[in-house]
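Student: Quick one: the structure is below, and I'll ask about it shortly.
What follows is the structure, given as structure tokens:
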């Protein structure tokens, strides 16, 4: 994941983390994996009043980063996350994990097997 994030940053791609996790959990994750400079913006469940599948977290992210909907690509790993991103009018890639692989991802635009496969979407 770190390789993919570093590549995207090298291409000047804005990376936003919009997660249902708490700010404290995100900070632990970022410190553990040395990702303090990885994200241009971090939005957690502590920043919103509604949880996914409500699109509030993505709508807040859209307000804060100056990009058009068609310039945003969401990466999700859960059905409710996909539903939230699609309700916000965004393009979404799903990367199911062992806990979510049997969920309904029929609304997603693309399904990938790993974060590294995301690099195939971007020109080298």
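In our numbering, the protein residues as written are 10 to 133.
For each residue, glycine too, the CB sits at the ideal point set by N, CA and C.
(1) Can you tell me where the beta strand (DSSP E) with residue 85 in it begins and where it stops?
(2) Need the endpoints of the beta strand (DSSP E) that residue 57 sits in, please.
(3) With distances taken between CB atoms, is the gap from residue 27 to residue 70 smaller than 9 Å?
(4) Is there contact between the stretch 83-101 and the stretch 115-127, where contact requires at least three CB pairs shorter than 8 Å?
(5) So residue 26 is in the beta strand (DSSP E); what residue range does that whole segment cover?
(6) Exposed or buried, what is residue 38 when buried is set at 16 or more other beta-carbons lying within 10 Å of its beta-carbon?
(7) What is the residue span of the beta strand (DSSP E) that residue 93 lies within?
(8) Need the endpoints of the alpha helix (DSSP H) that residue 14 sits in, please.
(9) For residue 25 and residue 83, I'd like the C-alpha separation in whole angstroms.
(10) Beta-carbon within less than 7 Å of residue 59's beta-carbon, same chain only, minus the 5 sequence neighbours each way: which residues are those?
(11) Starting from residue 39, follow the beta strand (DSSP E) in both directions and report where the run begins and ends.
(12) Out of curiosity, what's the CA-to-CA distance linking residue 13 and residue 104?
(13) What residue range does the beta strand (DSSP E) around residue 103 cover?
Tutor: Checking against the coordinates, here is how it stands:
(1) The residue you call residue 85 lines up with position 76 of the chain shown. Per DSSP, the unbroken beta strand (DSSP E) holding residue 85 starts and ends at 82-85.
(2) As a working mapping, residue 57 is identified with position 48 in the chain shown. Boundaries for residue 57: no beta strand (DSSP E) harbours it, and the DSSP string shows neither H nor E there.
(3) Within the chain shown, residue 27 is the residue found at index 18, counting from 1. Within the chain shown, residue 70 is the residue found at index 61, counting from 1. Yes. Within cutoff.
(4) Pairwise C-beta distances place the stretch 83-101 in contact with the stretch 115-127, as three or more of them are shorter than 8 Å.
(5) Here residue 26 is taken as the residue at index 17 of the chain shown, counted from 1. Start and end: 25-27.
(6) Here residue 38 refers to the residue found at position 29 of the chain shown. Exposed: under 16 other Cβ atoms inside 10 Å.
(7) Position 84 of the chain shown, counting from 1, holds the residue named residue 93. In the DSSP assignment, residue 93 falls outside any beta strand (DSSP E) and lies within the alpha helix (DSSP H) extending over 88-96.
(8) Translated into positions along the chain shown, residue 14 becomes position 5. Note, residue 14: alpha helix (DSSP H), 11-19.
(9) Here residue 25 refers to the residue found at position 16 when the chain shown is read from its first residue. Here residue 83 refers to the residue found at position 74 when the chain shown is read from its first residue. Residue 25 and residue 83: Cα-Cα distance of roughly 9 Å.
(10) Taking the chain shown and counting its residues from 1, the one referred to as residue 59 is at position 50. Within the same chain, Cβ atoms closer than 7 Å to the Cβ of residue 59 are found at 65, the five residues on either side in sequence being excluded.
(11) Along the chain shown, read from residue 1 onward, the residue named residue 39 stands at position 30. No beta strand (DSSP E) contains residue 39, which is instead part of the alpha helix (DSSP H) from 32-41.
(12) Against the chain shown, residue 13 aligns to sequence position 4. Against the chain shown, residue 104 aligns to sequence position 95. Straight-line Cα distance between these residues: approximately 14 Å.
(13) Against the chain shown, residue 103 aligns to sequence position 94. Counting along the chain, the beta strand (DSSP E) containing residue 103 begins and ends at 100-103.
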